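**Student:** If you scroll down you'll find the structure; I have some questions about it.
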Amino acid sequence: MLAESNSAFRQLPYMGVIRVNVEAITEHGYQMGDPAWSNLGQGQPEVGDMDGAPPRIGTLPILSEDHAYGPIEGIPELRESIAAHYNRLYRKGKASQYTAENVAIAPGGRAALTRIGATLEKMKLGYFTPDYTAYEDLLTTFPRIQPHWIELLPENGFRINPDDLDALVKREGLGSLLISNPCNPTGTVVKGEELAEWAEMARRRNCTLLMDEFYSHFIYDGSDRGVSAAEYIDDVNTDPIVVIDGLTKSFRYPGWRVGWVLAPKHIINALAAAGSFLDGGSCRPMQRAAILALEPNQADQETAAVRQVFAEKQNLTLTKLREMGVEFPHNPQSTFYAFGYVGNLPAPINDGQGFMREAFKHKVLTVPGEFFDVNPYRQRTGDSPLNPWVRFSFGPPRPNLAAGLERLGEMVARIRE
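Listed below in structure tokens is the structure:
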């Protein structure tokens, strides 16, 4: 093995949840799936049988042609299924409808985002904090992207007024905006008239919206469907709006690695070209299984169960954390995360990393808020304003979640003594 000083490879840090997992494994003996631990840092929902949900898909149709390479943009049947899924939920009665030509399949959300990063022209791209940790690597991997930071403040519910956003886009000459909506980690969601204003701004300013909608069905307002910018697009082939989603979160199949992008046809063609050298396309058998997951009755039963079960787990999580003294500037409206302020707890659990390391001792994983302070090229120096924040996941099954929250309560009580 070459010594580090002679290596041709640069050192790369782990990001976000993986960084937490690595420290828990190497320093505290954590093993994934160990029932003695509660992973309240996990970025995936529970994946087993769930009340109200259809049975988990357990068989894969593998045809003889599936042993060959598939189309980089995805098999036609799945592309058509995804287009129909969005038209059914979000585009009823609209003249412009999605077709298979508006859909590209990618092997997961990160691969979809990487394809997008590879195809963007040189431009100023606005990104927000707090937001999904992987955006930092994305924004530094492709030098054509010129990242522009937009801070979302807790006193504003981690959101920005559409008029202020419009003025910022015009003033800074932003060519694109990247955001997770619903937002990981805050649970904030832009929807309804507010989301319609974002779409109108994109058309007016010719500013491409890159809408990462992986948590689109974790909506806790009584709605019978998810949230998507697809609902507010005028023309699917001219509006500068790109939707990224997949089976990972809302359909609870993260291990399948099936993601997709909806966009104007010319963007889909560019993404296919990028995929030809970046990832080579998605696994064909998993794409066929995805068609089963998106069958209307199956999809609607699954996403309705997600909203019901996870709303109950959200209520449990917020109740228990507030009893411990964790504070929330607003009730999270979506995702399976609670982004809580721990700054008024006693040391050493009054900042994210201190909280994480004490929680390890109680066999609980959490994620420090500063990990969501997306900071390309480390241009901003000094302490992160998100240091006293923690992301708590209520992704695990309820018994494991409840056990983890109980142990966190005991930890806080002991430190208060």
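Going by the numbering used here, 581 is the number at position 402 of the sequence shown; the sequence numbering is gapless.
Don't be surprised by glycine CBs; every beta carbon is placed ideally from N, CA and C.
Quantities reported herein were computed from a predicted structural model and do not represent experimental measurements.
Just the C-alpha distance for glycine 438 and arginine 467, rounded to the nearest angstrom, thanks.
**Tutor:** The alpha-carbon atoms of glycine 438 and arginine 467 are separated by roughly 13 Å.
**Student:** Taking DSSP as the reference, what is the three-state secondary structure of aspartate 343?
**Tutor:** Aspartate 343 falls in the helix class under three-state DSSP.
**Student:** Mind checking glutamine 276: buried by the 16 CB within 10 Å criterion, or exposed?
**Tutor:** It is exposed - the Cβ of glutamine 276 has fewer than 16 other Cβ atoms within 10 Å.
**Student:** Contact criterion: CB-CB distance below 9 Å. Does threonine 205 meet it with respect to chain B?
**Tutor:** Any reference to chain B falls outside this structure, which holds one protein chain only.
**Student:** Could you check what DSSP says for tyrosine 193 in three-state terms: helix, strand or coil?
**Tutor:** Here tyrosine 193 sits in coil by DSSP.
**Student:** Suppose you measure from the CA of isoleucine 254 to the CA of asparagine 448; what does that come to, to the nearest Å?
**Tutor:** The alpha-carbon atoms of isoleucine 254 and asparagine 448 are separated by roughly 14 Å.
**Student:** For methionine 535 versus glycine 195, is the C-beta spacing smaller than 9 Å?
**Tutor:** For methionine 535 and glycine 195, no; Cβs fall outside 9 Å.
**Student:** Name, in chain order, the residues that DSSP records as bridge partners for lysine 303.
**Tutor:** In the DSSP output, where bridge partners are listed per residue, lysine 303 has Gln325.
**Student:** What distance in whole Å lies between the Cβ atoms of isoleucine 420 and leucine 450, which are believed to be in contact at a cut-off of 8 Å?
**Tutor:** Actually they do not touch by this definition, with Cβ atoms about 15 Å apart.
**Student:** Which parts of the segment 505-565 are runs of the alpha helix (DSSP H), unbroken and 4 residues or longer, counting only runs that do not cross its ends?
**Tutor:** If we require 4 residues or more, the alpha helix (DSSP H) runs fully inside the segment 505-565 come out as 531-539.
**Student:** Quick one: Cα of tyrosine 516 to Cα of glycine 574, how far?
**Tutor:** In a straight line, the C-alpha of tyrosine 516 is about 8 Å away from that of glycine 574.
**Student:** Report yes if the CB atom of leucine 584 is closer than 9 Å to the CB atom of lysine 444, and no otherwise.
**Tutor:** Contact: no.
**Student:** On the CB-based measure, 16 or more other CB atoms within 10 Å of its CB, does alanine 472 come out buried or exposed?
**Tutor:** Result: buried.
**Student:** Going along the chain, which residues of its own chain have a beta-carbon closer than 6 Å to the beta-carbon of methionine 180, five neighbours each way excluded?
**Tutor:** Note that methionine 180 scores 40 on pLDDT, short of 50, meaning its location in the model is unreliable; the coordinates nonetheless yield the value given after this. Answer for methionine 180: no residue qualifies.
**Student:** DSSP state of phenylalanine 439, grouped into three classes?
**Tutor:** Sequence inspection shows tryptophan at residue 439; the phenylalanine mentioned does not correspond to that position. Strand, per DSSP.
**Student:** Determine the closest residue to alanine 581 out of Pro527, Ala215, Trp328, Tyr209, with distance taken between C-alpha atoms.
**Tutor:** Answer by Cα proximity: Ala215.
**Student:** What are the complete alpha helix (DSSP H) segments, minimum 4 residues, inside the segment 400-482?
**Tutor:** Qualifying alpha helix (DSSP H) stretches, in chain order: 444-457, 463-472.
**Student:** Let me make sure I understand the geometry here. Which of Ser243, Thr496, Met211 has the alpha-carbon closest to that of asparagine 200?
**Tutor:** Out of Ser243, Thr496, Met211, Met211 has the C-alpha closest to the C-alpha of asparagine 200.
**Student:** What number of angstroms, rounded off, separates the C-alpha of arginine 382 from the C-alpha of aspartate 345?
**Tutor:** Near 11 Å, if we compare the C-alpha coordinates of aspartate 345 and arginine 382.
**Student:** Just curious, the beta strand (DSSP E) that isoleucine 358 is in, first and last residue?
**Tutor:** Its beta strand (DSSP E) spans residues 355-359.
**Student:** Residues bridged to aspartate 597 by DSSP?
**Tutor:** The structure shown does not extend to residue 597, since the chain is modelled only from 180 through 596, so no value can be given for it.
**Student:** Within 10 angstroms of its Cβ, does glutamine 343 collect 16 or more other Cβ (buried), or is it exposed?
**Tutor:** Looking at the sequence provided, one finds aspartate at residue 343 rather than glutamine. By the 10 Å Cβ count, aspartate 343 comes out exposed.
**Student:** So what does DSSP say about valine 348, is it helix, strand or coil?
**Tutor:** Three-state result, valine 348: helix.
**Student:** Does the Cβ-Cβ distance between isoleucine 412 and alanine 378 come in under 9 Å?
**Tutor:** Yes, the pair counts as a contact, with Cβ atoms nearer than the cut-off.
**Student:** Between the beta-carbon of leucine 426 and the beta-carbon of alanine 483, is there less than 9 Å?
**Tutor:** No, the Cβ-Cβ distance between leucine 426 and alanine 483 is not below 9 Å.
**Student:** Helix, strand or coil, according to DSSP, for glutamate 330 in the structure here?
**Tutor:** It is a strand residue.
**Student:** Going by beta-carbon coordinates alone, are aspartate 310 and valine 553 separated by less than 9 Å?
**Tutor:** Yes.
**Student:** Taking only three categories from DSSP, how would you classify valine 591?
**Tutor:** The answer is helix: DSSP assigns valine 591 an H, G or I state.
**Student:** To the nearest angstrom, how far is the alpha carbon of glutamate 252 from that of leucine 242?
**Tutor:** Distance between the alpha carbons of glutamate 252 and leucine 242: 19 Å.
**Student:** Using DSSP with H/G/I as helix, E/B as strand and the rest coil, what is serine 260?
**Tutor:** Three-state DSSP puts serine 260 in a helix.
**Student:** Is the beta carbon of phenylalanine 518 sitting closer than 9 Å to the one on threonine 298?
**Tutor:** Taking 9 Å as the Cβ cut-off, phenylalanine 518 and threonine 298 do not qualify as a contacting pair.
**Student:** Measuring CB atoms only, is the segment 235-249 touching the segment 396-413, in the sense that at least three cross pairs come out at less than 8 Å?
**Tutor:** These segments do not touch.
**Student:** Am I right that glutamate 259 and alanine 279 are in contact with their C-beta atoms under 8 Å? What's the rounded C-beta distance?
**Tutor:** Between alanine 279 and glutamate 259 the Cβ distance is about 5 Å, and since that is below 8 Å, they are a contact.
**Student:** Classify valine 488: buried if its beta carbon has 16 or more other beta carbons within 10 angstroms, exposed otherwise.
**Tutor:** Per the 10 Å Cβ criterion, buried.
**Student:** Can you pull the DSSP bridge partners for threonine 308?
**Tutor:** Note: threonine 308 sits in a beta bridge opposite Glu330.
**Student:** Mapping the DSSP letters down to three states, classify asparagine 489 as helix, strand or coil.
**Tutor:** The question names asparagine, yet the displayed sequence has phenylalanine at residue 489. The answer is helix: DSSP assigns phenylalanine 489 an H, G or I state.
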